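Asker:
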Amino acid sequence: MRQQQLKGPQQPELLERIQSMSRGKKIVLAVFIIWAVQAIPKWTAAIVADGETSAAIMTFFITPR
Numbered sequence: 026m027r028q029q030q031l032k033g034p035q036q037p038e039l040l041e042r043i044q045s046m047s048r049g050k051k052i053v054l055a056v057f058i059i060w061a062v063q064a065i066p067k068w069t070a071a072i073v074a075d076g077e078t079s080a081a082i083m084t085f086f087i088t089p090r
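Basically our numbering = 1-based index in the sequence shown + 25.
#1: Pull up the distance between the alpha-carbon of residue 70 and that of residue 54, whole angstroms please.
#2: Note down, in chain order, each residue of its chain lying with its Cβ closer than 6 Å to the Cβ of residue 86, except the 5 sequence neighbours on either side.
#3: Can you tell me where the alpha helix (DSSP H) with residue 65 in it begins and where it stops?
#4: Can you give me the C-alpha to C-alpha distance between residue 66 and residue 73, rounded to a whole angstrom?
#5: Can you give the Cα-Cα distance for residue 56 and residue 77, rounded to whole angstroms?
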């Protein structure tokens, strides 16, 4: 009963939407989530760092010309 209270009202709807997706869309979603989990902290560090540190971090993502 306690677990039912912790779940939001949209939880079953989300699970149904994911289950109804095709296998290819599920794979694309999983790859995007993995990418986002890895990329967001790196971009955040690059944006909020000081000038030199930010530039050093950004060279990993964008090659200067």
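We treat Cβ as the ideally placed atom computed from N, Cα and C, and that holds for glycine.
In this text, all values refer to a predicted model and were calculated from it rather than measured experimentally.
Answerer: This is what the structure gives:
#1: To locate residue 70, count along the sequence shown from 1; it is residue 45. To locate residue 54, count along the sequence shown from 1; it is residue 29. In a straight line, the C-alpha of residue 70 is about 24 Å away from that of residue 54.
#2: Taking the first residue of the sequence shown as position 1, residue 86 is located at position 61. Once the five neighbours on either side are set aside, residue 86 has no close Cβ partner at all.
#3: Locating residue 65 in the sequence shown gives position 40, counting from the first residue. Residues 48-73.
#4: For the purposes of this step, residue 66 is identified with residue 41 of the sequence shown, where counting begins at 1. For the purposes of this step, residue 73 is identified with residue 48 of the sequence shown, where counting begins at 1. One C-alpha to the other measures close to 11 Å.
#5: As a first step, residue 56 is located in the sequence shown; it is residue number 31 there, counting from the start. As a first step, residue 77 is located in the sequence shown; it is residue number 52 there, counting from the start. Each residue's alpha carbon lies about 31 Å from the other.
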